[in-house]
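S.K.: First the structure, which I've put down as structure tokens, then a few questions once you've had a look.
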Amino acid sequence: KSCIGTKFTSQFGDLIADLAIEATTTVGVEIGQGLTDVDIKNYIKVEKVPGGQLEDSRVLKGVMIKKDVVNPHIILLDSPLEYKKGENQTNVELLKEEDWILLLKMEEEYIEQLCMHILKFKPDLGLTDLATHYLSKHGVSAMRRLSKSDNNRIAKASGVESDVGTGAGLFEVNKIGEEYFSYIVNCKEPKACTILLRGASKDLLNEVERNPQDAMSVARNIIKNPKLVPRGGAIELTVLAGLKQKSSSIEGIEKCPYEAAAVAFEAIPRTLAQNCGVNVIRTMTGLQGKHANRENYEGWQGSEGTKSSCMLLRIHDIVSGMKKKQAPGAPPSKLKVETEADADSEQILAD
């Protein structure tokens, strides 16, 4: 939600976040050693259909590309069903009209023979470039001029390996607005999906489209590397508790740096408490007591002004530091606290 909180669809944060999580978890593939590969570029397609409300948007566990076919057998072809032309220049001399008719008949017989080989697999849905006439005569639906990316998504969704895919649950054609869309959904173990976005106009959908892309990128990173950073001053309170515990075991002047650092880290949660308008002393005492008991995720929920267990997805919202900026050869300058724009998102606290 943090990555889309400042964008156009911030009021629909729960909806966009749910769409992104459902889509990324669908296409996630385990590659061994506890690692998961999530290819959101090739196997998640965002389909924008004007009309309806934004709340009508949903994730299709399959591909959105007239008849209902239950448990179809799918054959994917990456070559056209047509008479193969010569690779070099070919000359044909015809002396009689019957020779031309015979030549056309040979091409038709060749295409029909290819279709008969396909029909041996008893498919219900054939995705080819041509030859729809012969396939339709045997009750096989066919789509012409399907893009390679859609072909790959159908293969992932229907479980195609080397020949026939039988993992698809339902093929149907539905009309949305003024256009017809084909669905291959209810797949057994889909590894491709489609996010169907609905909205009042194309301009609205073009603006909304950017938000699921950002949310899916965040969800992908969490799936591939599931590590989060707590917010609401929880990091500073945890470091504060550790510094106080360390300083208690040191005597003399050597404990002064630890105490000074603890006071500095206390500034952020104290400021958050003051902004919420609560009793600062009582609140800080309660939070420090919880962090002393290893409740390290306790922080401030700023929007509600209450103490709660907080997690943060955007690392640089809280993780900040000191950074020195000066020209080469210039004398040492005063340290400057990083702003959010200058913060390095790769500065992640150690486990």
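For the sequence shown, position 318 matches number 318 in UniProt numbering, and the numbering has no gaps at all. Using N, Cα and C, we set each Cβ at its ideal position, and we do this for glycine too.
Using the rule of at least 16 other Cβ atoms within 10 Å of the residue's Cβ for burial, across every protein chain shown, is LYS45 buried or exposed?
M.R.: If you number the sequence shown from 1, residue 45 lands on position 45. Buried, because 16 or more other Cβ atoms sit within 10 Å of the Cβ of LYS45.
S.K.: Any idea what DSSP makes of TYR43, helix, strand or coil?
M.R.: Residue numbering aside, residue 43 sits at position 43 when the sequence shown is read from its first letter. DSSP places TYR43 in helix when its eight states are reduced to three.
S.K.: Can LEU196 and MET64 be called in contact, C-beta distance under 8 Å?
M.R.: Position 196 of the sequence shown holds residue 196. Position 64 of the sequence shown holds residue 64. Yes, these two residues count as a Cβ contact at 8 Å.
S.K.: What's the gap between the Cα of PRO80 and the Cα of ARG153?
M.R.: Here residue 80 is taken as the residue at index 80 of the sequence shown, counted from 1. Here residue 153 is taken as the residue at index 153 of the sequence shown, counted from 1. About 19 Å.
S.K.: Note down, in chain order, each residue of its chain lying with its Cβ closer than 8 Å to the Cβ of LEU35, except the 5 sequence neighbours on either side.
M.R.: As a first step, residue 35 must be located in the sequence shown, where it is residue number 35. Closer than 8 Å at the Cβ level, and outside the excluded window around LEU35, lie LYS224.
S.K.: Okay, do the stretch 180-195 and the stretch 226-233 touch, 3+ Cβ pairs below 8 Å being the bar?
M.R.: Touching, no.
S.K.: Our contact map puts residue 365 next to TYR258 with C-beta atoms below 8 Å; I'd like the distance itself, whole angstroms only.
M.R.: A question about residue 365 goes unanswered here, because the residues of the chain that appear run from 1 up to 351.
S.K.: Report yes or no: do the stretch 10-23 and the stretch 201-214 share at least 3 C-beta pairs separated by less than 8 Å?
M.R.: Contact holds: three or more Cβ-Cβ distances are below 8 Å.
S.K.: Closest to ALA200 by CA distance: which of GLN11, ASP150, LYS255 and VAL49 is it?
M.R.: Within the sequence shown, numbered from 1, the residue matching residue 200 stands at position 200. Closest by alpha carbon: VAL49.
S.K.: Specify the secondary structure class of LYS290 as computed by DSSP and reduced to three states.
M.R.: By 1-based counting over the sequence shown, the position of residue 290 is 290. In the structure shown, LYS290 sits in a helix (DSSP, three-state: H, G or I).
S.K.: Is DSSP giving TYR258 helix, strand or coil here?
M.R.: By 1-based counting over the sequence shown, the position of residue 258 is 258. Note: TYR258 maps to helix in three-state DSSP.
S.K.: Starting from ASN231, follow the beta strand (DSSP E) in both directions and report where the run begins and ends.
M.R.: As a first step, residue 231 must be located in the sequence shown, where it is residue number 231. Correcting the residue identity first, residue 231 is Arg in this sequence and not Asn. Here ARG231 belongs to no beta strand (DSSP E), and DSSP marks it neither H nor E.
S.K.: Starting from LEU77 and walking both ways along the alpha helix (DSSP H), at which residues does that stretch end?
M.R.: Against the sequence shown, residue 77 aligns to sequence position 77. Element bounds for LEU77: n/a, residue is neither H nor E.
S.K.: Does VAL160 come out as helix, strand or coil in the three-state DSSP assignment?
M.R.: Residue 160 sits at position 160 when you count from the first residue of the sequence shown. DSSP places VAL160 in coil when its eight states are reduced to three.
S.K.: Can the beta-carbon of ASP14 be found less than 8 Å from the beta-carbon of VAL27?
M.R.: In the sequence shown, counting from the first residue as 1, residue 14 sits at position 14. In the sequence shown, counting from the first residue as 1, residue 27 sits at position 27. Not a contact, by the Cβ cut-off of 8 Å.
S.K.: Compute the distance between the beta-carbons of LEU60 and TYR180, then report whether it is under 8 Å.
M.R.: Within the sequence shown, the letter at position 60 stands for residue 60. Within the sequence shown, the letter at position 180 stands for residue 180. Result no, Cβ atoms of LEU60 and TYR180 do not sit closer than 8 Å.
S.K.: Less than 8 Å between the C-beta atoms of GLY159 and LYS122, yes or no?
M.R.: Position 159 of the sequence shown, counted from the start, is the residue given in the question as residue 159. Position 122 of the sequence shown, counted from the start, is the residue given in the question as residue 122. Their beta carbons are not under 8 Å apart, which means GLY159 does not touch LYS122 by this criterion.
S.K.: When the distance is taken between beta carbons, is ILE268 closer than 8 Å to ALA168?
M.R.: Translated into positions along the sequence shown, residue 168 becomes position 168. Translated into positions along the sequence shown, residue 268 becomes position 268. Not closer than 8 Å, so no.
S.K.: From VAL173 to TYR83, what does the alpha carbon distance come to, in whole angstroms?
M.R.: Working through the sequence shown from its first residue, we reach residue 173 at position 173. Working through the sequence shown from its first residue, we reach residue 83 at position 83. Roughly 30 Å between the two C-alpha positions.
S.K.: Does the distance from the CB of GLY62 to the CB of VAL185 come in under 8 Å?
M.R.: The residue given as residue 62 occupies position 62 in the sequence shown. The residue given as residue 185 occupies position 185 in the sequence shown. Yes; because the gap between Cβ atoms is below 8 Å, this pair is in contact.
S.K.: Starting from the Cα of PRO72, find the closest Cα among GLY139, VAL92 and ASP99 and give me that residue.
M.R.: By 1-based counting over the sequence shown, the position of residue 72 is 72. Checking every option, the nearest Cα to that of PRO72 belongs to GLY139.
S.K.: Rounded to whole angstroms, how far is the Cβ of ALA215 from the Cβ of ILE16, which I believe are closer than 8 Å?
M.R.: One-based indexing of the sequence shown puts residue 215 at position 215. One-based indexing of the sequence shown puts residue 16 at position 16. At roughly 5 Å, the Cβ-Cβ gap stays under 8 Å, so ALA215 and ILE16 are in contact.
S.K.: Kindly list the residues whose CB is nearer than 6 Å to the CB of GLN288, restricted to its own chain and excluding five residues on each side of it in sequence; keep chain order.
M.R.: Locating residue 288 in the sequence shown gives position 288, where the first residue counts as 1. Nothing meets the Cβ criterion.
S.K.: What does the Cβ neighbour count give for HIS117, buried or exposed, with the cut at 16 atoms within 10 Å?
M.R.: By 1-based counting over the sequence shown, the position of residue 117 is 117. Exposed: under 16 other Cβ atoms inside 10 Å.
S.K.: To the nearest angstrom, report how far apart TYR43 and ASP37 are at their CA atoms.
M.R.: Looking up residue 43 in the sequence shown gives position 43. Looking up residue 37 in the sequence shown gives position 37. If you take the alpha carbons of TYR43 and ASP37, they lie about 12 Å apart.
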